[in-house]
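What follows is a set of notes on a single structure, which appears directly below.
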Amino acid sequence: MDRDSIECWLTDMDGVLVKENNPLPGAAELLAQWRQADIPYLVLTNNSIYTARDLSARLRSNGLDVPEENIWTSAMATADFLANQVEHGTAYVVGEAGLTTAIHETGFVMTEKDPDFVVVGETHSYSFEAITKAIRLIDAGSRFIVTNPDATGPSPEGVLPATGAIAALITKATNREPYVVGKPNPMMFRSALNKIGAHSMSTAMIGDRMDTDIIAGMEAGMHTVLVLSGISSAEDVRRFPFRPNEIVDGVHNLLDVPLEARGELGPDPTGSA
1 MDRDSIECWL TDMDGVLVKE NNPLPGAAEL LAQWRQADIP YLVLTNNSIY
51 TARDLSARLR SNGLDVPEEN IWTSAMATAD FLANQVEHGT AYVVGEAGLT
101 TAIHETGFVM TEKDPDFVVV GETHSYSFEA ITKAIRLIDA GSRFIVTNPD
151 ATGPSPEGVL PATGAIAALI TKATNREPYV VGKPNPMMFR SALNKIGAHS
201 MSTAMIGDRM DTDIIAGMEA GMHTVLVLSG ISSAEDVRRF PFRPNEIVDG
251 VHNLLDVPLE ARGELGPDPT GSA
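Residue numbers (UniProt numbering): 1 to 273.
Here you go:
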């Protein structure tokens, strides 16, 4: 599949559209290009803390216009997965508003008594009491679900333990492995495709990580585009046994009218050395 046959787009957010809360060159123009051509698209993120409305507002404050209906988070994918497993089920949730809201909206009830699922997502402050309760419920038979596998997250002071690290603690205590919905599980991409009525054979995925975005996009059967404006470098690509369909410096390379022609591109669009 070449780029001309692509009818829909999925794109990661951090490292692709924004970096350190600043829009990357070409991001606003690419979003406008899709809007003007009426091309279906979704912005994906493994972050389960925020609701789609929150993320839309945060992106808008960074100069990027992404309506909330064009955002798909690991929390939303997790809620979609749960709803397909059990109709009007119950869950004990360790997470923030992005996760609890998404699960509520599928008709689930939050409970601490014999829930169908224990769901662990990102949170600003993990409670030892909540983690202990999750361990006991899983031991008692509740199914263990995790929004995403990321072991650490960034902060101004350095790395923070994230969902994957807490999940590892619970796994060690229960001897039960969770089902992980977010990237690199292609399940998240398939649910995103279903949301916009897209087919994998005519959809492309833009990402900045070989080990999540690109492998999941490939396994979901999509055209994959690696941008070098985030985590993975050209040198990193050689370490993997698979390859993206395209490697570009950044999303500005996907514009119909190049930024150079608009006089908008500086000498170092990725911010790398």
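Backbone N, C-alpha and C define an ideal beta-carbon position, used for all residues, glycine too.
Is residue j closer than 8 Å to residue i when the C-beta atoms are compared?
i, j, result
"G26", "L259", "yes"
"V119", "A91", "yes"
"V237", "L30", "no"
"P40", "A216", "no"
"L82", "T51", "no"
"F117", "G89", "yes"
"V180", "V146", "yes"
"L255", "Q33", "yes"
"T174", "I206", "no"
"S48", "N148", "yes"
"V248", "V227", "yes"
"M218", "F240", "no"
Residue i by DSSP, collapsed to three states: which one?
i, result
"E157", "coil"
"N62", "coil"
"A234", "helix"
"T270", "Here the model assigns T270 a pLDDT of 47, short of 50, so the residue's position is not dependable and the matter cannot be decided."
"L99", "helix"
"M222", "coil"
"V257", "coil"
"residue 278", "This structure cannot settle anything about residue 278, because the visible part of the chain is limited to 1 through 273."
"A91", "strand"
"I206", "strand"
"I215", "helix"
"V251", "helix"
"I170", "helix"
"T163", "helix"
"I145", "strand"
"I6", "coil"
"T78", "helix"
"E105", "helix"
"Y179", "strand"
For chain B, check one thing: does any of its Cβ atoms lie closer than 8 Å to the Cβ of residue i?
i, result
"T174", "No chain B appears in this structure, which consists of one protein chain only."
So, under 8 Å CB-CB, residue i and residue j are touching, yes? Tell me the CB distance rounded to an integer number of Å.
i, j, result
"G230", "V16", "6 Å"
"K183", "D213", "6 Å"
"W9", "T203", "7 Å"
"A162", "P178", "Not quite, the Cβ-Cβ distance comes to about 14 Å (not below 8 Å), so this is no contact."
"E122", "E96", "7 Å"
"I131", "L99", "Incorrect: roughly 15 Å between the Cβ atoms, too far for contact."
"L137", "P115", "6 Å"
"E68", "R58", "Rounded, the Cβ-Cβ distance is 11 Å, inconsistent with contact."
Just checking residue i against the ligand NAP - is the residue's beta carbon closer than 7 Å to any of the ligand's heavy atoms?
i, result
"A37", "No copy of the ligand NAP appears in this structure; indeed no ligand is present at all."
**Report entry** Three CB pairs or more closer than 8 Å across the segment 67-78 and the segment 34-47
**Finding:** The segment 67-78, when compared against the segment 34-47, does touch it at the 8 Å Cβ threshold.
Report task. Tell me the start and end of each unbroken alpha helix (DSSP H) in the segment 9-51 that is at least 4 residues and wholly inside, in chain order. Result -> List check, alpha helix (DSSP H) in window: 27-36.
**Report entry** Cβ contact (3+ pairs, closer than 8 Å) linking the segment 186-193 and the segment 213-225
**Finding:** Flag = yes, the segment 186-193 and the segment 213-225 touch.
Requested in this report: Report the residue ranges of all beta strand (DSSP E) runs contained in full by the segment 108-137; include only those spanning at least 3 residues, in chain order.
Outcome: Segments of the beta strand (DSSP E) lying fully in the segment 108-137: 117-120.
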